[in-house]
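Residue numbers (my numbering), protein chains in the order written: chain A, 1047 to 1185; chain B, 64 to 388.
Glycine residues also receive a C-beta, built at the ideal position from the N, C-alpha and C atoms.
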Amino acid sequence: MTSKNSKRFDDVRPGEALPELAIPITTTLIASTAIATRDYFPGHHDMEAAQQLGSPHVFMNILTTSGLAQRFVEGWAGPAARFKDLKIKLGAPNYPGDTMTFSGEVVRADAASREVDVALKGKNSMGSHVTGTATLVLP
Amino acid sequence: MAEQEWMSEVRAKVGREYGRVYAWDEVNAPMIRQWCEVMGVDNPLYLDAAYAATTEFGGIVAPPAMLQAWCLEGLHMNNYAPGSTDENPYEVLKTLEAHGFPSVVAVNSDLHFDRYVKLGEKLYYTTRLDAVGEEKTTGLGTGYFVTLIMTFLSQKAGGDERVGQLLFRVFKFRPANVPKPVEKGAAPAVPKFKRPKPGISDDTRFFWEGVEAGKLLIQRCTCCSTLRHPPAPVCIKCHSFDWDSVEASGKGSIYSFVVMHYPEVPPFEHPNPIGLIELDEGVRLVAGLVGVKRDEIEIGQRVQVEFQSFDDGELTLPMFRPVAA
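In structure tokens:
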């Protein structure tokens, strides 16, 4: 693993768009991320249990949505960025066979604290799975 | 509206603090590595000891979004790590469930990080029932928004340290449509959303057939030559029923426009700019705008029609793109 380039505060301006990130949603992703976040709720790994709840298939858990949002933002910001806040609001569920595409934009940059806010959105074929804001401190 | 008496039991609990829930495992490299592996995270701060040693932390730290995962009970429900409280921080959800609000959906997760946590730290959290809203009806059904605030701490000899906080909001509700179990083994599929199709009548068929053929056809009165759009059976000027059509140049200008932001309805992109286009021939029509940024759309902007195909060729629509004046 090599260290990667990090964004510096001085390189970032409000209005800057983050590179989009498309994540194919699979049963394996939903089940393995649920377990890796210690969430064993059957609706996240057992299709029959999910169907009993009225869902067509297993659906992604919220801790994974937070994790993928972190990945999207730090994939752009680099390893020297430090998260202060990661606030998300959930919408349409993520089911296998879909693709969630993250987009985001810098909406605030505060020179005194070197903080930037990134507004993010993860869309799937049913609409918005997640919207939110990440606050980072950049070097 | 007066609330049910049992709600006073719920209201009385708002503000209550619930005791500690401990993590089963101290913050450790194998769980971090596996979390990163499945999430697709490759940040060396969590994975590469040599890199992490060069940072202000002096070693590997946990991904911040993992904070809540450390303290979950795991496979067996309510099987919390030794020393954890016997109280149930989610007891009001059970009360709501007992009174006819069985379903739950997570709405918000607001994580705040005071600092990153290092390998070997032992975490726990305490919970405060922050708020229970008024009864609300949403698209899902009727129920209550319940907000819990969990404060995460790290055990330290000199006094425990706060490392972060999570505001977690759920909607506990009675579904508007009782979810029916999906037929066992039914072929599961992500619902595919298509664009709504235009209603086509004898008056409008020529227009849509023209669009399919890549032509923008405008209705013309064969009596007085007046053009009209949208299509109608009678001339607006001379009231004649006789008409034919002419192919428009497809050039025009933006007479007015609107940008749809909310609600976000699939499969449309949002914000969704829609123009009222005044064609050079003199009639106006409503169509989507392409190749524009929403803050750059201007009244009077010159545009040119183009035909776009949607839903694997099931639908063709005229769209307008800005061109130089």
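The segment 176-193 of chain B makes contact with the segment 78-87 of chain B; the number of CB pairs closer than 8 Å reaches 3 or more. Judged by DSSP secondary structure, Met102(B) falls within the alpha helix (DSSP H) whose first and last residues are Ala92 to Met102. Under a 10 Å Cβ-count criterion, His302(B) is classified as exposed, with fewer than 16 other Cβ atoms of the shown protein chains found around its own Cβ. Taking 8 Å as the cut-off, the Cβ atoms of Gly1137(A) and Ser1101(A) do not count as close. DSSP, read as helix, strand or coil, puts Arg291(B) in strand.
For Ala169(B), the neighbours in chain A by C-beta distance under 7 Å run, in chain order, Ile1108 and Leu1136. Taking 8 Å as the upper bound for CB-CB distance, Asn1051(A) and Met1106(A) are not in contact here, some 30 Å apart. Residues of chain A whose Cβ lies closer than 8 Å to the Cβ of Lys157(B) do not exist, since the nearest Cβ in that chain is about 16 Å away.
Of all residues in the segment 1139-1164 of chain A, only Tyr1141, Pro1142, Gly1143 and Asp1144 come within less than 8 Å of chain B when Cβ atoms are compared, listed by chain position. Counting C-beta pairs with one atom in each stretch, the segment 1161-1174 of chain A and the segment 1140-1149 of chain A have three or more that are closer than 8 Å, which means they touch. Closer than 8 Å to the CB of Asn141(B) there is not a single CB belonging to chain A. One finds His175 and Phe176 in chain B with Cβ atoms closer than 8 Å to the Cβ of Lys1130(A), taken in chain order. By alpha-carbon distance to Arg225(B), the top candidate from Leu216(B), Phe231(B) and Gly273(B) is Leu216(B). Look at the beta carbons and you see the segment 144-163 of chain B not touching the segment 94-106 of chain B: under three pairs across the two are nearer than 8 Å.
For Cys298(B), the number of other beta carbons within 10 angstroms of its own is at least 16, and it is reported as buried. Across the structure, Met1172(A) and Pro330(B) are spaced so that their CA atoms are roughly 7 Å apart.
Within the segment 106-120 of chain B, the residues whose Cβ lies closer than 7 Å to some Cβ of chain A are Asn106, Pro107, Leu108, Leu110, Asp111 and Tyr114, listed in chain order.
Here Trp271(B) carries a helix assignment [DSSP, helix/strand/coil].
When CB distances to chain A are screened at a threshold of 9 Å, not a single residue of the segment 343-365 of chain B falls below it. Taking a contact as a CB-CB distance under 8 Å, the pair Thr285(B) and Asp305(B) counts as one, their CB atoms being some 4 Å apart. Taking C-beta separations shorter than 7 Å and ignoring five residues to either side along the sequence, the partners of Arg1128(A) in its chain run Leu1182 and Val1183, following chain order. The bridge partners DSSP lists for Cys284(B) are Trp306(B). Shown in chain order are the members of the segment 256-277 of chain B whose Cβ falls below 9 Å from a Cβ of chain A: Phe256.
Judged by DSSP secondary structure, Gly196(B) falls outside any alpha helix (DSSP H); it is assigned neither H nor E. Sequence-distant partners of Pro296(B) (beyond 5 residues in either direction) whose C-beta falls short of 6 Å from its own C-beta, in its chain, are Asp266. Setting aside the 5 residues that flank it on each side, Arg96(B) is surrounded in the same chain by Leu110, each with a C-beta closer than 7 Å to its C-beta; the list follows chain order. Looking at the DSSP output, Lys1169(A) sits in a beta bridge with Thr1147(A) and Ser1174(A). Residue pairing by DSSP places Lys314(B) opposite Gln367(B) in a beta bridge.
Setting aside the 5 residues that flank it on each side, Leu279(B) is surrounded in the same chain by Gly273, Glu310, Ala311, Gly313, Val368 and Pro381, each with a C-beta closer than 7 Å to its C-beta; the list follows chain order.
The continuous stretches of alpha helix (DSSP H) do not include Tyr153(B), and DSSP gives it neither H nor E.
Interface criterion met: the Cβ of Arg1084(A) is under 8 Å from a Cβ in chain B.
Cβ-Cβ separation between Pro385(B) and Gln364(B): approximately 5 Å, consistent with a contact (criterion under 8 Å). Counting along the chain, no beta strand (DSSP E) covers Ile1071(A), and no H or E run does either. One thing to note: Met129(B) has its Cβ within 8 Å of the Cβ of Trp98(B). Under DSSP, Phe320(B) forms a beta bridge with Gly338(B).
Shown here, Ala128(B) sits in a helix according to DSSP, grouped into three states.
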